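Counting the sequence shown from 1 gives a position; the numbering used here is that position plus 110.
Below is one structure, written out as structure tokens; the observations come after it.
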Amino acid sequence: MTPLYARRRRTALAAATAVAAGALFTTGLAAGTATADPAPAGKPVLGGAPVLLSAAARTSLIQEQQATAAETADAIGLGAREKLIVKDVVKDVDGTVHTRYERTYGGLPVLGGDLVVHEPADGARTVTKAVRTTVKVASVTPKVAAGKAETQALAAAEKAGSERTEADSAPRKVIWAAEGTPVLAYETVVGGLQEDGTPNELHVITDATTGEKLHEWQAVHTGTGRSLYSGTVTLGTYKSGSAYQLYDTSRGGHKTYNLARGTSGTGTLFTDADDTWGTGTASSSSSDQTAAVDAAYGAQITWDFYKNTFGRSGIRNDGKAAYSRVHYGSNYVNAFWQDSCFCMTYGDGSGNTHPLTSLDVAGHEMSHGVTSVTAGLRYSGESGGLNEATSDIFGAGAEFYANNSSDAGDYLIGEKIDINGNGTPLRYMDKPSKDGASKDYWSSSLGSVDVHYSSGPANHFFYLLAEGSGSKTVNGVSYNSPTYDGSTVTGIGRAKALQIWYKALTTYFTSTTNYKAARTGTLNAASALYGASSAEYKAVDAAWKAVNVS
111 MTPLYARRRR
121 TALAAATAVA
131 AGALFTTGLA
141 AGTATADPAP
151 AGKPVLGGAP
161 VLLSAAARTS
171 LIQEQQATAA
181 ETADAIGLGA
191 REKLIVKDVV
201 KDVDGTVHTR
211 YERTYGGLPV
221 LGGDLVVHEP
231 ADGARTVTKA
241 VRTTVKVASV
251 TPKVAAGKAE
261 TQALAAAEKA
271 GSERTEADSA
281 PRKVIWAAEG
291 TPVLAYETVV
301 GGLQEDGTPN
311 ELHVITDATT
321 GEKLHEWQAV
331 HTGTGRSLYS
341 GTVTLGTYKS
351 GSAYQLYDTS
361 RGGHKTYNLA
371 RGTSGTGTLF
381 TDADDTWGTG
391 TASSSSSDQT
401 AAVDAAYGAQ
411 ITWDFYKNTF
421 GRSGIRNDGK
431 AAYSRVHYGS
441 NYVNAFWQDS
451 CFCMTYGDGS
461 GNTHPLTSLD
471 VAGHEMSHGV
481 TSVTAGLRYS
491 GESGGLNEAT
501 SDIFGAGAEF
511 YANNSSDAGD
521 YLIGEKIDIN
531 GNGTPLRYMD
541 KPSKDGASKD
551 YWSSSLGSVD
561 VHYSSGPANH
571 FFYLLAEGSG
581 SKTVNGVSYN
591 SPTYDGSTVT
601 GIGRAKALQI
611 WYKALTTYFT
621 STTNYKAART
631 GTLNAASALY
641 GASSAEYKAV
651 DAAWKAVNVS
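This is how it looks when you write it as structure tokens:
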């Protein structure tokens, strides 16, 4: 689960922790046929851009790749005990197929074993691996009891301030290959609640031979109706009998539910007699429709943004929608995405009158889902910062895409929800350090920084790539973006910058991608889309140098 932001107790906002869901801020825990043109109307189709596959075509392509997975494993040099399982497939306009695989060893999942095989229509096969280490262990029989791993995981969660901790299931045996020499390990997932009331999905990795704790990460990512933030909007609803439901059948079946201050379950589907939803003003009522209007609007804008910008049909790219829940808990100042329920959840903020349902928050949180089903960036260290930055980048992209005069697009994150209580945004993409904690540039210590703050260099990179350095005003907001080396960066425009980041995420990033690998991935993406000698490729290189990644 990934919350929208992180809290440093009562002082300032910190960073979130999570992999299965993403909150806006942290809580303290350390081959088919294309059925649509991927380019917006009137825009040229890029050879390296993904095509929008029908659900049937995508399923067929996945089945084809899985049928030849053993042959592929042999061709790329995997061992006899290793097998590949297709996770996702992307097909480009030029016919190139990118197949993302998970890996098993002796029947056990290999964490860090994911890889992407790139197969051009008329070229040599290449591979992008999360780790290059050969996966091999002496034995798949543990020397440490599973109970010890579970006890260790529960203790880690309690130390981090979690309440009502319990293991969601028995520890599972895995091969831990994400760091160092691959070892047999246990993965334990701890449930319950985090310190601030956010659901807990803490993953703890324990060496099954020595009992040593190897790693941990949080998987919850903590981010006609009258809306609170976006004015009067048109909503996708459905009439059932004499009542209308907040159920968008035109976008994969997205539904918006009311948790009515609860913290579990799906909640109750919002219904209305006249199909006019909300009041446009904040209310402390647990049945208020206004927060639901913003949530439903955010979901439909995010769906349309991904479909019309990248040719992606829903978070999983399978044409099926997630669902949204509002009025989570009481005075809960966060929002989060969870893979486990494939859903988006919003708290009502301070006094239950400041719901975290703004447009960029919705785009941010649901983008954690996209990251999860594509690159699967691990929610810790540098890859965790890149995970958070990806959500900020696409959250901003969705806000610009909406072109809503009540919430104009900008490079500020959470500027509408007033988390700080003084009208300032949660994060700034042009100069991340303006929030008091985020980093503007890469350094060797970045991996030890909370992921909401280590996202800073990637957010800064994206801003520089899109808009360039120095002073600039966009939609009435003034920016002044510096560079690490004092260089001048000329932006290539937000549209191209988005295409490059999406291409890198979906075809070149893996679960362990760090900043150095992100630079390589985005350069590969720029080359595939625009050419290795293009101005766009050179701009990517310049923007990374400007944030001290070279």
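Ideal Cβ positions, reconstructed from N, Cα and C, are used throughout, including at glycine.
Small disclaimer: the values here were computed from a predicted structure and weren't measured.
Sub-8 Å separation of residue i and residue j beta-carbons
i: residue 517; j: residue 569; result: no
i: residue 209; j: residue 227; result: yes
i: residue 618; j: residue 634; result: yes
i: residue 592; j: residue 541; result: yes
i: residue 300; j: residue 255; result: no
i: residue 524; j: residue 470; result: yes
i: residue 113; j: residue 308; result: yes
i: residue 539; j: residue 504; result: no
i: residue 496; j: residue 628; result: yes
i: residue 258; j: residue 321; result: yes
i: residue 642; j: residue 631; result: no
i: residue 341; j: residue 415; result: no
Residue burial classification, residue i (beta-carbon count within 10 angstroms, cutoff 16)
i: residue 234; result: exposed
i: residue 604; result: buried
i: residue 626; result: exposed
i: residue 529; result: buried
i: residue 513; result: exposed
i: residue 652; result: buried
i: residue 609; result: buried
i: residue 362; result: buried
i: residue 173; result: exposed
i: residue 394; result: exposed
i: residue 291; result: exposed
Proximal residues to residue i (C-beta, below 8 Å), its chain only, five neighbours per side dropped
i: residue 370; result: 377, 378, 396, 397 and 437
i: residue 237; result: 186, 225, 226, 227 and 228
i: residue 580; result: 590, 591 and 598
i: residue 549; result: 542, 543, 556, 559, 563, 564, 566 and 567
CA-to-CA distance, residue j to residue i, given in whole angstroms
i: residue 162; j: residue 168; result: 9 Å
i: residue 191; j: residue 217; result: 8 Å
i: residue 658; j: residue 595; result: 8 Å
i: residue 241; j: residue 621; result: 9 Å
i: residue 137; j: residue 298; result: Its pLDDT being 40, under 50, residue 137 is placed unreliably by the model, and the measurement read from it follows with that caveat. Approximately 20 Å between the Cα atoms of the pair.
i: residue 384; j: residue 354; result: 7 Å
i: residue 551; j: residue 289; result: 24 Å
i: residue 444; j: residue 184; result: 46 Å
i: residue 359; j: residue 324; result: 45 Å
i: residue 231; j: residue 157; result: 12 Å
i: residue 456; j: residue 180; result: 43 Å
i: residue 372; j: residue 338; result: 22 Å
i: residue 561; j: residue 547; result: 11 Å
i: residue 586; j: residue 450; result: 40 Å
i: residue 584; j: residue 476; result: 25 Å
i: residue 296; j: residue 494; result: 21 Å
i: residue 492; j: residue 421; result: 28 Å
i: residue 454; j: residue 409; result: 9 Å
i: residue 391; j: residue 164; result: 40 Å
i: residue 442; j: residue 166; result: 41 Å
i: residue 212; j: residue 243; result: 15 Å
i: residue 310; j: residue 176; result: 33 Å
Nearest-angstrom beta carbon gap, residue j and residue i [assumed within contact, 8 Å]
i: residue 575; j: residue 506; result: The Cβ separation is near 13 Å, so there is no contact.
i: residue 284; j: residue 245; result: 11 Å between Cβ atoms; not a contact.
i: residue 356; j: residue 380; result: 4 Å
i: residue 429; j: residue 413; result: So it is not a contact: roughly 10 Å between Cβ atoms.
i: residue 330; j: residue 452; result: About 13 Å; that fails the 8 Å criterion.
Neighbourhood of residue i by C-beta distance below 7 Å, restricted to the same chain and skipping five residues each side
i: residue 293; result: 247, 286, 317 and 319
i: residue 578; result: 599, 600 and 601
i: residue 280; result: 256
i: residue 239; result: 225 and 620
i: residue 182; result: 194 and 227
i: residue 606; result: 646
i: residue 426; result: 483
i: residue 486; result: 224 and 621
Proximal residues to residue i (C-beta, below 6 Å), its chain only, five neighbours per side dropped
i: residue 490; result: 327
i: residue 388; result: 335, 336, 399, 400 and 403
i: residue 499; result: 565, 568 and 569
i: residue 406; result: 345, 356 and 366
i: residue 266; result: 314 and 326
i: residue 616; result: 200 and 484
i: residue 509; result: 469, 470 and 519
i: residue 282; result: 297
CB contact below 8 Å: residue i versus chain C
i: residue 559; result: No chain C appears in this structure, which consists of one protein chain only.
Near the ligand ADP: residue i beta-carbon under 7 Å from a heavy atom
i: residue 340; result: With respect to small molecules bound, the structure shown includes none, and the ligand ADP cannot be examined in it.
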